[in-house]
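For the protein sequence lines, the chains are S and E, in the order given. Residue numbering for the first sequence is 41 to 305, as defined by the working numbering. Residue numbering for the second sequence is 41 to 305, as defined by the working numbering. Beta carbons: idealized from backbone N, C-alpha and C, even for Gly. In this text, all values refer to a predicted model and were calculated from it rather than measured experimentally. A short write-up of the structure that comes next.
Protein chains: 2
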Amino acid sequence: MERTVSEVAKLAGVSVRTLRHYDTIGLLPPGRVAANGYRYYGRPELLRLQRILLLRELGVPLPGIARILDEQDDEVAALQGHREELLRERKRLDAMLGAIERTVVALSGDDSVADDEFFAGLSEARSRLRDDLAERYGEEAAAGFEKAVRETEAWTREDYERMGDEGRRLLLRMAAARDRGVGPDTDEALELIEQHYQGVLELWPATPTSYYGLGDLLVENADQRAVVEMVDKDLPEWLAAGVRAYAVKRLGYRRNEEETVRRSV
Amino acid sequence: MERTVSEVAKLAGVSVRTLRHYDTIGLLPPGRVAANGYRYYGRPELLRLQRILLLRELGVPLPGIARILDEQDDEVAALQGHREELLRERKRLDAMLGAIERTVVALSGDDSVADDEFFAGLSEARSRLRDDLAERYGEEAAAGFEKAVRETEAWTREDYERMGDEGRRLLLRMAAARDRGVGPDTDEALELIEQHYQGVLELWPATPTSYYGLGDLLVENADQRAVVEMVDKDLPEWLAAGVRAYAVKRLGYRRNEEETVRRSV
DNA sequence: GCTAAAGGCTGACGTAACGTCATACTCCAA
DNA sequence: TTGGAGTATGACGTTACGTCAGCCTTTAGC
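Right, dumping it as structure tokens:
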């Protein structure tokens with residue numbers, strides 16, 4: 041009843057190398073090893089191999105299989121635990137798939153037209169944003185904004201288009217993070233918001249207060265909201281929460297206080 | 041505007057080691073390398089890093105990212121292709137999850153009671169199977185079967201229980217394979233059917249013809265069907281098809297011929 | 001100007017589960 | 001006896017870095 045490696049391999053539908061590997065890691069030692077080093081497997085080893093293969097098909101890693109078969113780990117409990125892992129893994133995949141679809145839409149969507157619209161949108165948005173700013177935060181903020189406008193007026197259309205492309209990719213990453221369950225006030229999210237903050241700084245000398253205020257605009261100002269919505273309809277809220285969290289945690293902005301304090305770096 | 045590794049790492053939320061790795065594989069070389077070997081990154085590298093990280097979050101492997109960014113591979117097309125892979129991966133996970141649930145049910149289901157039932161079922165099934173056999177294949181087959189019955193009558197209950205456990209695990213593997221899309225007449229399936237055939241041989245000296253006939257019994261004989269259904273309600277059909285395929289391909293059974301021919305091994 | 005603490009650099013190993021050589025025996029049949 | 005088939009033992013390759021270990025700058029403090 042003893043079988044050689046290749047016999048067992050054929051019987052069980054695995055490779056000889058796999059049997060050797062299972063021997064090496066101690067998962068399935070042969071029943072007998074001859075003086076010449078040849079491995080011989082008996083009935084108990086075949087049964088064990090069957091159990092190994094069943095668990096392997098369920099996706100259980102080899103060390104896990106070893107624990108189940110050797111130590112008294114409850115097979116069913118172990119499988120339940122493994123099931124949880126697979127569910128998490130599937131969630132990850134689903135998040136990726138959603139993010140891919142968004143990305144494809146955002147990047148493949150009629151490129152030329154989208155960029156035209158985006159370009160036009162930016163110019164128009166800026167004038168309306170000025171009014172919004174003046175109304176919400178006073179003429180001083182609006183004046184600062186106008187200064188930025190003048191400085192960036194010389195930007196070429198190409199600059200804008202690149203900005204738009206960069207910005208879109210950043211927003212896509214945010215949406216992907218959100219889908220993975222990343223909260224807007226977590227460290228991981230703040231790394232992304234940081235990019236946003238840096239981008240804003242190139243257009244507009246934001247203070248902690250005004251950047252915090254941008255959180256409102258992103259949700260309530262139609263133009264600002266539209267830009268973000270181009271990537272994902274529900275993203276403005278997440279981004280707004282992130283912007284506020286960033287202002288508080290990284291810029292030292294404090295609600296209900298007149299004076300904003302720079303975080304000591 | 042030049043940043044050191046740790047600055048870039050902090051900005052982008054990756055590890056220094058990651059940047060070094062991306063340099064090593066040529067995915068993201070620093071803009072400048074000083075005489076002392078220090079890496080310095082400029083604006084273009086930061087932008088490239090952002091694009092890398094977006095694609096990475098979408099699950100695209102690094103070589104794929106390199107192709108997209110460097111060669112003129114269409115980003116959107118590449119993502120579509122990648123999406124297909126993720127979908128396949130998810131299908132695999134779903135198959136595993138289904139198999140796990142079946143396994144948990146089949147193995148955890150009230151062990152003692154189930155085994156009692158299974159044991160009782162086996163005895164009872166054998167007598168009814170004899171009648172079925174006589175009716176379908178004549179007294180000769182039935183007589184051969186009775187001989188097997190006498191030989192296995194001495195088996196202890198423990199033997200049966202172990203058989204039941206072995207058999208269940210084998211059936212579970214079959215159901216898992218089926219869920220992965222494995223056809224009952226493929227080589228992979230026949231490896232599993234082989235186990236079934238060997239198991240049957242221990243109870244009953246099956247000929248190619250009688251084993252082929254077992255295909256019918258598995259679907260139509262209530263007791264036989266019930267045993268397989270314990271694992272999965274739809275498995276009997278798949279197993280029956282596999283049994284017939286095995287009889288034809290591996291045992292040399294031929295439909296519509298009186299004489300069955302042993303396959304020359 | 002010196003010293004110590006950061007920060008940077010280059011290997012090199014480890015990870016999961018084997019596939020794929022390369023090299024060297026061993027066995028069996030003609 | 002010889003050749004072909006089978007087996008054995010390394011060892012490298014795979015994915016995307018984490019984690020030392022050992023050595024070299026740069027920077028800050030005294």
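Cβ of residue i versus every heavy atom of the ligand ADP: is any distance shorter than 6 Å?
{"i": "S:MET214", "result": "Of ligands this structure carries none, so the ligand ADP is not represented either."}
Taking 7 Å as the CB-CB cut-off, is residue i touching chain S?
{"i": "E:MET136", "result": "yes"}
{"i": "E:GLU209", "result": "Contrary to the premise, residue 209 of chain E reads as Arg rather than Glu in this sequence. Yes - at least one Cβ of chain S is within 7 Å of the one on E:ARG209."}
{"i": "E:LEU291", "result": "no"}
{"i": "E:VAL240", "result": "no"}
{"i": "E:VAL116", "result": "yes"}
{"i": "E:SER46", "result": "no"}
{"i": "E:VAL73", "result": "no"}
{"i": "E:GLU277", "result": "no"}
{"i": "E:ALA216", "result": "yes"}
{"i": "E:GLU85", "result": "no"}
{"i": "E:GLY99", "result": "yes"}
{"i": "E:VAL153", "result": "Model confidence at E:VAL153 stands at a pLDDT of 47, short of 50, so the residue's coordinates are unreliable and nothing is read from them."}
Does DSSP classify residue i as helix, strand or coil?
{"i": "S:VAL73", "result": "strand"}
{"i": "S:TYR62", "result": "helix"}
{"i": "S:ARG43", "result": "strand"}
{"i": "S:TYR293", "result": "coil"}
{"i": "E:TYR78", "result": "coil"}
{"i": "E:PRO84", "result": "helix"}
{"i": "E:ALA246", "result": "coil"}
{"i": "E:GLU111", "result": "coil"}
{"i": "S:PRO103", "result": "helix"}
{"i": "S:PRO276", "result": "helix"}
{"i": "E:LEU93", "result": "helix"}
{"i": "S:SER55", "result": "coil"}
{"i": "E:VAL271", "result": "coil"}
{"i": "S:GLY253", "result": "helix"}
{"i": "S:THR143", "result": "helix"}
{"i": "S:GLY239", "result": "helix"}
Does residue i come within less than 7 Å of chain E when only Cβ atoms are used?
{"i": "S:ALA266", "result": "no"}
{"i": "S:ARG128", "result": "no"}
{"i": "S:SER250", "result": "no"}
{"i": "S:ILE140", "result": "yes"}
{"i": "S:GLU14", "result": "In this structure chain S extends from 41 to 305, so residue 14 of chain S is not present and cannot be described."}
{"i": "S:LEU212", "result": "yes"}
{"i": "S:GLY53", "result": "yes"}
{"i": "S:ARG123", "result": "yes"}
{"i": "S:VAL144", "result": "yes"}
{"i": "S:LEU147", "result": "yes"}
{"i": "S:LEU94", "result": "yes"}
{"i": "S:LEU119", "result": "yes"}
{"i": "S:LEU89", "result": "no"}
Taking the alpha-carbon positions, what's the residue i to residue j distance?
{"i": "S:VAL153", "j": "E:ARG83", "result": "In this prediction, S:VAL153 has a pLDDT of 48, which is less than 50 and means its spatial position is unreliable; what the coordinates show is noted afterwards. Going by the C-alpha atoms only, they are around 28 Å apart."}
{"i": "S:ALA194", "j": "S:ASP205", "result": "The pLDDT assigned to S:ALA194 is 49, lower than 50, so where the model puts this residue is not dependable; a value taken from the coordinates is nonetheless given after this. Between S:ALA194 and S:ASP205, the C-alpha separation is close to 19 Å."}
{"i": "S:LEU67", "j": "S:PRO101", "result": "11 Å"}
{"i": "E:GLU42", "j": "E:GLN90", "result": "16 Å"}
{"i": "E:GLY207", "j": "S:ALA49", "result": "20 Å"}
{"i": "S:GLY121", "j": "S:GLU115", "result": "10 Å"}
{"i": "S:ASP63", "j": "E:GLY53", "result": "42 Å"}
{"i": "S:ILE105", "j": "S:LEU95", "result": "7 Å"}
{"i": "E:LEU86", "j": "E:ASN76", "result": "22 Å"}
{"i": "E:GLU234", "j": "S:LEU51", "result": "8 Å"}
{"i": "S:THR58", "j": "S:ILE65", "result": "11 Å"}
{"i": "E:ALA217", "j": "E:ARG60", "result": "43 Å"}
{"i": "E:ARG88", "j": "E:PRO69", "result": "10 Å"}
Are residue i and residue j touching if we call contact CB-CB under 7 Å?
{"i": "E:LEU133", "j": "S:LEU126", "result": "yes"}
{"i": "S:TYR78", "j": "S:GLY71", "result": "no"}
{"i": "S:ALA215", "j": "S:LEU275", "result": "yes"}
{"i": "E:LEU210", "j": "E:ALA146", "result": "no"}
{"i": "E:ALA287", "j": "E:TYR251", "result": "yes"}
{"i": "E:VAL283", "j": "E:GLY255", "result": "yes"}
{"i": "E:ALA285", "j": "E:ASP225", "result": "yes"}
{"i": "E:ILE108", "j": "E:ALA117", "result": "no"}
{"i": "E:VAL56", "j": "E:VAL73", "result": "no"}
* **Contact between the segment 275 to 294 of chain E and the segment 245 to 262 of chain E (3+ Cβ pairs under 8 Å)** => Because the criterion of three Cβ pairs below 8 Å is met, the segment 275 to 294 of chain E and the segment 245 to 262 of chain E touch.
* Report yes or no: do three or more beta-carbon pairs, one from the segment 138 to 145 of chain S and one from the segment 248 to 266 of chain S, lie closer than 8 Å? => By the criterion of at least three beta-carbon pairs nearer than 8 Å, the segment 138 to 145 of chain S is not in contact with the segment 248 to 266 of chain S.
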